[in-house]
Each structure stands twice: as C-alpha cells, then as structure tokens.
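Below is one structure, written out as structure tokens, with a few remarks after it.
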Amino acid sequence: MKRYLTKAVLEKYLALIPKSVSIGVSSGGFEAVTGVFGYDCLDLSRLKDPIFWTFANVQSTNNAIANFTARYGVLDFEGRFSDYDVEMDSKWGKEFSFPLEIWRLRQRQFRSWWLLHASKRGEELMHSAGRATHFPHVQDDNRFLVPTCFEGVTELIWRGPRFSWTTSNGRLGVNVSARTLWQYVALQMLFTDLGVLRKCENEKCPTPFFVSRRGNQVFCSSDCAERVAKKRWWDRHGLEWRRKRTSKR
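Numbers 6 to 254, taken from the numbering used here, label the letters of the sequence shown in order.
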C-alpha cells in the first residue's frame, strides 16, 4: 500500500482595516470598541512580527485594544463578520462593535494556550484549541446541520477554518484558510513549531511573549537579559558592595 505524507499550509489572510475606530458604550451598557469597516486590506502573512505574537503582547488597556483594531482589523470572536457567506465588499462601510471585556477574555485564553505551548504540553494545547467550545468559531446562529453515518441522525457542526486538498509529486497536502482574524491568529500559533514559544524570564518585561531563536533562549532580548543579570548580581552582592563602599568613607 502506497503511503502519502500530508503537508498542511496556512493560507494568507487579508484583514479588512477599519475606516474609523473609537471607544464607546454598547446598547447593553458595556464599554466597547465601535467603528466602521473601510476599504483597505492588510496581508497579515507579510508582517515582520507574526500577528499572533503581537496579539499576545499588546496591552489590554482601552486605547491599546482600539489601536490594535485600527491597525490590524476586527478579531471577530463570534464570526459575526465571517466571510463564510459574506463577500469582502459587502462589509465596506458596515458598522461593528464588540465589548472590551470579551477582547480581554480571549487574550487571556490565548496567553494560556501560549504557556501550554511554552511548557511543551502541546498535546493538551491541541486538545483544548481543537474542541469546538474552545477553538475560534463563528457564532451559534451560523452553525449548520449535516448528516451522520446513522440514518436519520444529524449533528450540529461549527463552521471552522476552510480546508482544501492538494497533490504535488505524489504527495497529499492540505491548505488551511481562516474565516476570521481570530481564527487566523490561533492557527498561526498552532502552525508554529512546539518549543519555540517562550515567556521572557524578566518579570517586568512589557512584551514577555516571544518566539525563541535558539533552544536555550529564556529572554526576549539582550536588554531583558542584562536587566535580570544586574538584578541577580545586586541581590547576591549588593549588601557586601554597600558595606565596602561605606567603609571607604
């Protein structure tokens, strides 16, 4: 029997950039980011720093969330603006709104996935992120029924990423396409090699989540490494240094 090796490729994602973004209050009385979709698109696959890296590190303040949305687009956690049945041009000029607290909740969830990856518990990450109740999906109203192998029985299926099969030189491959920016962010992380995702050991690092360039890297930058080294030296030798300095006076 001939064996086929399957290679998965994450397709690029074109994010629709808002024409305007502001902080306001939703109809339910919650603080929310509101705005209007513009006409320009951004190819997130061509960013210098991967978008999932940026999302993990962005501050969770109101202004930081609004700035992230203005620069990269709406994450669309519930798939309300999913392109499953919606053409890109039908979103132009359309208003959007999402609660700030939901954005923060999803970021905390995403950071927990990152830490699972960093701790080399990849199987647990895949199990968690792969479940319909956890992995980015479109909202309940956009689920659809499909028949199962049992006669007369249907099952509710989430509309997740698109998959298309390809063949090249006798090898089977699959292209994966995100329907929303939120799905793309999560997929980018899942397509990253296990073990390269780290959290900086500088507890005061403002952007602690990073992709390591070597196996033993524990700091995101030389600046963080130097700061921690100085702090550790001071913790060990600071008292003695102060004594010697005082005795010379």
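For every residue, glycine included, the Cβ atom is placed at its ideal position computed from N, Cα and C.
>> Rounding to the nearest angstrom, what Cα-Cα distance links G34 and F103 in this structure?
In response: 12 angstroms
Which runs of the alpha helix (DSSP H) at least 4 residues long sit entirely within the stretch 38–91? Give them in chain order. Fully enclosed alpha helix (DSSP H) runs of no fewer than 4 residues occupy 56–62, 67–77 of the stretch 38–91, in order along the chain.
Q. Do you know offhand how far L120's Cα is from V201's?
A. 11 angstroms
field: D81 burial status per 10 Å Cβ neighbour count (16 or more: buried)
entry: buried
Worksheet item: Run through DSSP, which three-state label would R232 get?
Response: helix
| query | Quick check: the stretch 54–69 against the stretch 187–198, are there 3 or more CB pairs under 8 angstroms? | reply | yes
Original post:
Distance, Cα to Cα, K96 vs F42?
Top reply: Here the alpha carbons of F42 and K96 stand approximately 6 angstroms from one another.
Review point. Relative to the alpha-carbon of L47, which residue among N68, L110, F73 has its alpha-carbon at the smallest distance?
Key: F73
Short Cβ contact (9 angstroms threshold) for A13 with F196: yes
Do the CB positions of W79 and F101 come within less than 9 angstroms of each other? At residue 79 the sequence reads Val, which differs from the Trp that was named. Taking 9 angstroms as the Cβ cut-off, V79 and F101 qualify as a contacting pair.
Outcome for G40 when other beta-carbon atoms lying within 10 angstroms are tallied against a minimum of 16
Counting of Cβ neighbours within 10 angstroms places G40 among the buried residues, the total reaching 16 or more.
Requested in this report: Would you verify that the beta carbon of V26 is, or is not, closer than 9 angstroms to some beta carbon of chain C?
Outcome: Structure shown: chain C not included; a single protein chain is present.
In three-state DSSP terms, what is K167?
Checking the sequence, you will find Arg at residue 167 rather than Lys. Strand.
message: For T66 and D198, what's the separation of their Cα atoms in angstroms?
response: Taking the CA atoms as reference points, T66 sits about 30 angstroms from D198.
Cut-off 7 angstroms between Cβ atoms - residues of its own chain near A69, not counting five sequence neighbours on either side = V63
Worksheet item: Span of the alpha helix (DSSP H) holding E100?
Response: If you look at E100, you'll find it isn't in any alpha helix (DSSP H); it sits in the beta strand (DSSP E) that goes 100–104.
Can you tell me whether Y44 is buried or exposed? The criterion is at least 16 other CB atoms within 10 Å of its CB, across all chains shown.
exposed
Query raised in the report: What is the DSSP secondary structure of V190, counted as helix, strand or coil?
Result: helix
Going by other Cβ atoms of all chains shown within 10 Å of its Cβ, with 16 needed for buried, is L21 buried or exposed? Result: buried.
Worksheet item: Does the separation of the CB atoms of Y77 and I107 fall below 9 angstroms?
Response: no
Exercise. Three-state secondary structure (DSSP) at F215?
Worked result: DSSP places F215 in strand when its eight states are reduced to three.
Report task. Express the C-alpha separation of K17 and S169 in angstroms, rounding to a whole number. Result -> C-alpha separation (whole angstroms): 14 angstroms.
Closest residue to R184 among L52, E83, P23 (Cα-Cα distance) = E83
- Item | R184, DSSP secondary structure in three states | Secondary structure at R184: coil, using DSSP grouped into helix, strand and coil.
Checklist line | Span separating the alpha-carbon of F86 from that of R109 | finding: 19 angstroms
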